[in-house]
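S.K.: According to the numbering used here, the sequence shown is numbered sequentially starting from 80.
Here a beta-carbon is modelled for each residue, glycine too, at the ideal position from N, C-alpha and C.
Predicted model, so just to flag it, every value in this text is computed and none were measured.
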Amino acid sequence: MKSRRVADLLQSTETGIDVFLKGWVRTRRGNKQIAFIAINDGSIIHSIQVVAEIEKFGDELMKSITTGACIAVKGKLVASQGQGQSVEIQAGSIEVLGGADETYPLQKKGHSLEFLREIAHLRPRTNTFGAVLRMRHHMTFAIHKYFNDRGFFNLHSPIITGSDAEGAGEMFQVTTLDFDKLPRNPDGTINYKEDFFGKATNLTVSGQLEGELGAMALGLVYTFGPTFRAENSNTPRHLAEFWMIEPEMAFYNLKDNMDLAEDFLKFLISYALEHCKDDLEFLTNLYDKELLNRLQSVVSQDFKRLTYTEAVEVLSSSNKKFEFPVSWGTDLQKEHENYLVDHFKRPVILSDYPKEIKSFYMKQNEDGKTVRAMDILFPWIGEIIGGSQREENFEKLQARIKEMKIHEEELWWYLETRKYGTCEHSGFGLGFERLMLFVTGMTNIRDVIPFPRTPKNAEF
Ligand code: ATP
Ligand code: MN
């Protein structure tokens, strides 16, 4: 007999049939005569109840059916007498595939999220992380579906990069050089010609520059891959390794870019509401009573759009005392982003930032002061998306690179897109784990990725 999964069995309308099931014991209760064993196999948040008569199986076997053990059960699927489930299994035979003794750390329910981070190798077996990881999968699938349905092509941008010019923060170096015998140039600097790639290389902080190369050929592309930032920011919203989705579109201006980003986010949240009902209900009940309402409200409203300059006016005319005072030209802090989202009571798209606080590749406005950047700010999360219309004019882009003292020679290939068949184009980056924070209602980014990488933490 082929084994079936819990998700499938719980939906079964056919009872009185023989079934076979494999999974992990979540809880066991009962008395001297009878045991009620809750089995979960990860296919769904719910466990299925197995009813076993102790006399039938003997003490020896029954003793080894403990929390955390992996067991295989053959039995009859019957309508349940108890509350909370429609069907249960009357065990005919039970085999313990892998035992778990009393040292198994997930004995009881209700461990703190902090404790679970210390046992990240086992936390996927909890209801919470089961829900989060299933939702991560559904969101991944929804992202590919969204773009695929709209004619975008998935472009695989490299993870090892030879340029440090993206300007998105500190990078992790990739090298095979022996630190005890570093090859030196006559002037004492490290001779990277001896390194694996014959030059200094890093882990990528963004796939955007390569995304632009793809858009100049395939028109509509997106990357979806890991990105790395060695920023020592120990916040609940930053990881050293995170996943980013970066669409890049030929012939899109800033407005087209904002329209796509808003539609994309709404699609993903609607998808979660439709396809992750059980997991969302669980997370709402356990962690965040407002979660479902918040998701609904984001889907049903237009995002508020305003320029950076207008936002600074809103912030300066407010009565709120900010820790960091606001003035035109300064980067907005978390507290300012939160204020704006609260003020307008919905997600906010800010555009046209001062060029000094944005990257070199953003298209310059006529005013000479601002660039066609856009950030999307979400309740609690703050920045969830950062994007822009790109500077497509060769001379202007080159001048900006010089002004910002970026190594132009490393970017010769990027500049050539502006030399050969350049065109208006735009794109943005969505941090996948920031999206996961929003859709799961979890409050620490370490709890929406299976094995988080943060400063001083790469255990699992
Ligand atoms: P922040 O100001 O929040 O650090 P950023 O301006 O550095 O963000 P971008 O370089 O624009 O972010 O990256 C695009 C998106 O990637 C951000 O909008 C955010 O969703 C996500 N992101 C950026 N840095 C991190 C990080 N360290 N961990 C997780 N997600 C991140
Ligand atoms: Mn950052």
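Along the chain, where does the beta strand (DSSP E) that runs through V175 open and close?
M.R.: Start and end: 166–177.
S.K.: Going along the chain, which unbroken runs of the alpha helix (DSSP H) with 4 or more residues stay wholly within the segment 169–226?
M.R.: 192–197
S.K.: Closest to G95 by C-alpha separation, out of K481, I168, I173, would be which residue?
M.R.: I168
S.K.: Should D120 go down as buried or exposed, given a rule of 16 or more other Cβ atoms within 10 Å for buried?
M.R.: buried
S.K.: With a 10 Å radius around its C-beta and 16 neighbouring C-beta atoms as the bar for buried, classify L141 as buried or exposed.
M.R.: It should be pointed out that residue 141 corresponds to Met in this sequence rather than to Leu. The residue is buried, with at least 16 neighbouring Cβ atoms inside 10 Å.
S.K.: Just grab the DSSP bridge partners of Q252 for me.
M.R.: Note: Q252 sits in a beta bridge opposite N281.
S.K.: Report the three-state DSSP secondary structure of T145 (helix, strand or coil).
M.R.: coil
S.K.: Is N332 near E462, with beta carbons less than 7 Å apart?
M.R.: no
S.K.: Would you mind giving the Cβ-Cβ distance between I124 and D357, rounded to the nearest angstrom? I have them listed as a contact below 8 Å.
M.R.: 5 Å
S.K.: Would you check if the segment 304–321 and the segment 483–497 touch, i.e. whether three or more CB-CB distances between them fall below 8 Å?
M.R.: no
S.K.: Using only CA atoms, which one of S242, R202, M483 lies nearest to K187?
M.R.: R202
S.K.: Would the beta-carbon of H200 fall within 7 Å of that of F539?
M.R.: yes
S.K.: Does the ligand ATP have a heavy atom nearer than 6 Å to the CB of H415?
M.R.: no
S.K.: Using beta-carbon positions only, say whether S467 and M441 come within less than 7 Å of one another.
M.R.: yes
S.K.: Along the chain, where does the alpha helix (DSSP H) containing H415 start, and where does it finish?
M.R.: 413–423
S.K.: Suppose you measure from the CA of S430 to the CA of I324; what does that come to, to the nearest Å?
M.R.: 20 Å
S.K.: If you follow the alpha helix (DSSP H) that T388 is in, where does it begin and where does it stop?
M.R.: 387–395
S.K.: For the alpha helix (DSSP H) holding N336, just list the boundary residues, first then last.
M.R.: 333–354
S.K.: State buried or exposed for A158, treating a residue as buried only when at least 16 other CB atoms are found within 10 Å of its CB.
M.R.: exposed
S.K.: Does the ligand ATP have even one heavy atom less than 6 Å from the beta-carbon of G510?
M.R.: For G510, the CB falls within less than 6 Å of some heavy atom of the ligand ATP.
S.K.: Rounded to a whole number of angstroms, what is the C-alpha to C-alpha distance between F343 and W322?
M.R.: 17 Å
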